[in-house]
Amino acid sequence: MKTLPHLVPVGLFLCLALSVTSAPEGATPLSPPKPPKSVAPHVPATWRVGVAQADITPKDLLWMAGYAGRKKPAEGRVQSLFAKALAIEDEASNTVVFVTLDLIGVPQSIRRTIAERLERELMIPGANLVMNASHTHSGPSLRTVPPAPPKDESVENTGTQQSFEYTQKLEQDIFAVIAQALARKEASRLTWNKARCGFAMNRRRDYSLPAGHPNANLAPNPDGPVDHEVPALRIEAPDGSLKAVLFGYACHNTCLGFYNFCGDYAGYAQEYLQQHRPGFVAMFLMGCGADQNPYPRRSDVVPGITDLELAQQHGRSLSNAVEMALTVNPRPVSGPVRAAYEEIKLDYAKSGRAPHDYPVQVIKFGKDLTLITLGSEVVVDYSLRFKREFAGAAGVWVAGYSNDYTGYVPSLRVLKEGGYEAAAGWAESVEDRIADKVHELYRKLN
Ligand SMILES: [Zn+2]
């Protein structure tokens, strides 16, 4: 027993030494790290950008979000969860703020409170705030209102009370990380490009098959619509050193169904990107992945491979795509940056049910990049539609899971087909209402 404390550091030292100095047997040796070099030195560093992150992993083993069938609280963590903020200011001092969260969703009340504080305390319009959640199903359950006192005094209500207290603190933590990012703004160069990543597959069945076809009720559907693009906004210092990346992908973070806190594939993609880059921050912006799942999915598909290993493999696959998006043909991003945000009334099919205030947001980076964000769980049809309708010189990037978390938002096609993503009960006007507002905000920013 006495020798153990000595053995561990020696072993650790050897591992570290080996990982730095040599590649595995038979592999091409790794090159030593090179000094920073811009991928686009011709692009002027006209922006001021700040980035910050905070660990938001619950201190307590809270109940977890994502699956209705959970029977017990979390039992541990295999990866920390983060709130990250990116503040981007143009030459005219217009600032947009991106917040990404390794959480199930963005509660609308939290977004509203933070947007109000941003306006009041930091003079940044609420329209310029994007809050996006990765939709990891291995994060804590969120609760924005206190639980009702239990009817039976002897029954403890600790689970929901803890979730409420966590969510209250989360709101403070998110505002603090935004303030930190704003305080850290420095001259920066912005470029963007995209790559592709293929593990997302349409998780619905193929509704074009006639009833009675042997595959009519089988999912996923390899012929179903997907969005495999991986857009990446690259932020570098004037000397070329990489400061941050904001990257996207349209796919559920549902590799995992265990009882440990974890960011799922998006958590690993961010971790891998940051791994050998001290001070660099990678931020995941969830796309329109409501009808997309990561595949292979779950431990029984690939012999000997656990679902945690699949999450890590998909994370590596996505981080590799981001590496390419950071490297190939950098496209300059120039200002000004302008944002428009509105909440529209989305009607339910059932008469008498109050409509939902649904957030739609468009952000334009000059004539180079247009970002459209939509609330809640948006199916991939919206992303494909807007990329088609706004195709032109500027890149088009569509994110769901932003500024609100209400449930599934189907396209008219999905609504008519039916199934899980169509079950929220929206009226058939849902897609037109959203698309009309996106076009209106887009025109307004021209
Ligand atoms: Zn979902």
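Position 50, counted from 1, in the sequence shown is what the working numbering calls 50; the numbers after and before it change by one each time, with no gaps. No residue lacks a Cβ here, since even glycine has one placed at the ideal position from N, Cα and C. Remember, it's a predicted structure, so these values are computed and weren't measured experimentally.
Worksheet item: When the Cα of Val-378 is compared with those of Lys-364, Ala-423 and Lys-243, which residue comes out closest?
Response: By one-based count along the sequence shown, residue 378 stands at place 378. For Val-378, the nearest C-alpha among the options comes from Ala-423.
Worksheet entry | Assigned secondary structure, Asn-202 (DSSP; H/G/I helix, E/B strand, else coil) | Position 202 of the sequence shown, counted from the start, is the residue given in the question as residue 202. In this structure, Asn-202 counts as strand in the three-state DSSP scheme.
Worksheet item: By how many angstroms is the C-alpha of Gln-292 removed from the C-alpha of Ser-429?
Response: Taking the first residue of the sequence shown as position 1, residue 429 is located at position 429. Taking the first residue of the sequence shown as position 1, residue 292 is located at position 292. Those two C-alpha atoms are separated by around 23 Å.
Discussion item. By the three-class DSSP mapping on this structure, what secondary structure does Asn-217 have?
Written reply: In the sequence shown, counting from the first residue as 1, residue 217 sits at position 217. It is coil, neither helix nor strand.
Worksheet item: Where Gln-168 and Thr-144 are concerned, what is the direct C-alpha to C-alpha distance, given to the nearest angstrom?
Response: Locating residue 168 in the sequence shown gives position 168, where the first residue counts as 1. Locating residue 144 in the sequence shown gives position 144, where the first residue counts as 1. Using only the alpha carbons, I get a separation of about 7 Å.
Worksheet item: Looking only at C-alpha atoms, which of Val-409, Glu-421, Val-362 and Ala-45 sits nearest to Lys-437?
Response: One-based indexing of the sequence shown puts residue 437 at position 437. Cα-wise, what sits closest to Lys-437 is Val-362.
Discussion item. By the three-class DSSP mapping on this structure, what secondary structure does Asp-239 have?
Written reply: Within the sequence shown, residue 239 is the residue found at index 239, counting from 1. The answer is coil: DSSP assigns Asp-239 none of H, G, I, E or B.
Worksheet item: Using a threshold of 7 Å, is the CB atom of Ala-290 nearer than that to any non-hydrogen atom of ligand 2?
Response: Ligand 2 is absent from the structure shown, which contains only ligand 1.
Discussion item. Using a Cβ-Cβ cutoff of less than 8 Å, which residues in the same chain neighbour Trp-426 once the five nearest sequence positions on both sides are dropped?
Written reply: Translated into positions along the sequence shown, residue 426 becomes position 426. Counting only Cβ-Cβ distances below 8 Å, and skipping sequence neighbours, we find Leu-346, Asp-347, Tyr-348, Ala-349, Val-409, Pro-410 and Leu-415.
Worksheet item: Within this structure, are the beta carbons of Ala-183 and Gly-50 separated by less than 8 Å?
Response: On the sequence shown, residue 183 is found 183 positions in, with the first residue counted as 1. On the sequence shown, residue 50 is found 50 positions in, with the first residue counted as 1. The answer is yes: Cβ separation under 8 Å.
Worksheet entry | C-beta atoms of Pro-210 and Ala-216 nearer than 8 Å | Here residue 210 refers to the residue found at position 210 when the sequence shown is read from its first residue. Here residue 216 refers to the residue found at position 216 when the sequence shown is read from its first residue. Cβ atoms of Pro-210 and Ala-216: closer than 8 Å.
Item to complete: Keeping to the same chain, check which residues put their C-beta closer than 6 Å to that of Asp-456; ignore five residues upstream and five downstream.
Response: The shown model of the chain, from 1 to 446, leaves out residue 456, and the question about it has no answer.
Worksheet item: If you measure from the CB of His-439, is any heavy atom of ligand 1 nearer than 7 Å?
Response: Residue mapping note: residue 439 aligns to position 439 of the sequence shown, counting from 1. For ligand 1, not one heavy atom lies less than 7 Å from the Cβ of His-439.
Worksheet item: Any heavy atom of ligand 1 within a distance shorter than 7 Å of the CB on Glu-377?
Response: Within the sequence shown, residue 377 is the residue found at index 377, counting from 1. Yes; taking the cut-off as 7 Å, the Cβ of Glu-377 has a heavy atom of ligand 1 nearer than that.
Fill in: Which listed residue (Leu-256, Arg-277 and Pro-231) has its alpha carbon closest to that of Leu-318
Here residue 318 is taken as the residue at index 318 of the sequence shown, counted from 1. Among Leu-256, Arg-277 and Pro-231, the Cα nearest to that of Leu-318 belongs to Pro-231.
Fill in: Supposed close pair Tyr-67, Gly-257 - CB separation, criterion 8 Å
Position 67 of the sequence shown, counting from 1, holds the residue named residue 67. Position 257 of the sequence shown, counting from 1, holds the residue named residue 257. About 6 Å separates the two Cβ atoms, so the contact holds.
Discussion item. For Gly-418 and Lys-387, I'd like the C-alpha separation in whole angstroms.
Written reply: Taking the sequence shown and counting its residues from 1, the one referred to as residue 418 is at position 418. Taking the sequence shown and counting its residues from 1, the one referred to as residue 387 is at position 387. Whole-angstrom Cα-Cα distance: 24 Å.
Worksheet item: Looking at His-135 and ligand 1, is the gap between the Cβ and the nearest heavy atom below 7 Å?
Response: Within the sequence shown, numbered from 1, the residue matching residue 135 stands at position 135. Yes, the Cβ of His-135 comes within 7 Å of a heavy atom of ligand 1.
Discussion item. Out of Gly-400, Val-302 and Gly-375, which one is the CA nearest neighbour of Tyr-358?
Written reply: Residue mapping note: residue 358 aligns to position 358 of the sequence shown, counting from 1. Measuring from the Cα of Tyr-358, the nearest candidate turns out to be Gly-375.
Practice prompt. Could you name each continuous beta strand (DSSP E) segment of 3 residues or more that falls completely within the stretch 365 to 415, going from the start of the chain to the end?
Written response: 369 to 374 and 395 to 399
Worksheet item: Regarding His-228 and ligand 1, is the C-beta to nearest heavy atom distance less than 7 Å?
Response: Counting from 1 along the sequence shown, the entry for residue 228 is found at position 228. Flag unset: Cβ of His-228 not near ligand 1.
Worksheet item: In chain order, what residues of the same chain have a beta carbon less than 8 Å from the beta carbon of Val-322, not counting five sequence neighbours either side?
Response: Numbered from its first residue, the sequence shown carries residue 322 at position 322. Hits under 8 Å: Ala-195, Val-230, Ala-232, Val-245, Phe-247, Ala-269, Leu-273 and Ala-282.
Worksheet item: Does the beta carbon of Arg-42 fall short of 7 Å from some heavy atom of ligand 1?
Response: Position 42 of the sequence shown holds residue 42. This sequence places His at residue 42; Arg is not what is there. False, no ligand heavy atom lies under 7 Å from that Cβ.
Worksheet item: If Leu-81 sits next to Leu-103, beta carbons under 8 Å apart, how far is it from one beta carbon to the other, in whole angstroms?
Response: Numbered from 1 along the sequence shown, position 81 holds the residue referred to as residue 81. Numbered from 1 along the sequence shown, position 103 holds the residue referred to as residue 103. The pair is a contact, with the Cβ atoms about 7 Å apart (cut-off 8 Å).
Fill in: Endpoints, beta strand (DSSP E) assigned at Leu-129
The residue labelled residue 129 in the question sits at position 129 within the sequence shown. 129 to 133 is the extent of the beta strand (DSSP E) around Leu-129.
Fill in: Endpoints, the alpha helix (DSSP H) within which Gln-168 is located
Position 168 of the sequence shown, counting from 1, holds the residue named residue 168. Looking at the DSSP string, the run of the alpha helix (DSSP H) that includes Gln-168 is 158 to 183.
Discussion item. Taking 8 Å as the threshold (C-beta atoms), are Asp-307 and Arg-298 in contact?
Written reply: Within the sequence shown, the letter at position 298 stands for residue 298. Within the sequence shown, the letter at position 307 stands for residue 307. Against a cut-off of 8 Å, the Cβ pair of Asp-307 and Arg-298 comes out as a contact.
Worksheet item: DSSP on Leu-12, reduced to helix/strand/coil?
Response: Translated into positions along the sequence shown, residue 12 becomes position 12. Note on Leu-12: pLDDT 44, under 50, position unreliable in the model; no value is reported.
Worksheet item: Should Leu-445 be flagged as near chain D, meaning a C-beta pair shorter than 8 Å?
Response: No chain D is part of this structure, which consists of one protein chain only.
Worksheet item: If you check the beta carbons only, do Thr-370 and Asn-403 fall under 8 Å apart?
Response: Translated into the one-based positions of the sequence shown, residue 370 becomes position 370. Translated into the one-based positions of the sequence shown, residue 403 becomes position 403. No, Cβ-Cβ distance for Thr-370 and Asn-403 is not below 8 Å.
Worksheet item: Does the beta-carbon of Lys-84 have 16 or more other beta-carbons within 10 angstroms, so that it is buried, or is it exposed?
Response: Along the sequence shown, read from residue 1 onward, the residue named residue 84 stands at position 84. Its Cβ being crowded by 16 or more others within 10 Å, Lys-84 is buried.
Worksheet item: With a cut-off of 8 Å, do at least 3 Cβ pairs link the stretch 251 to 265 to the stretch 55 to 71?
Response: yes
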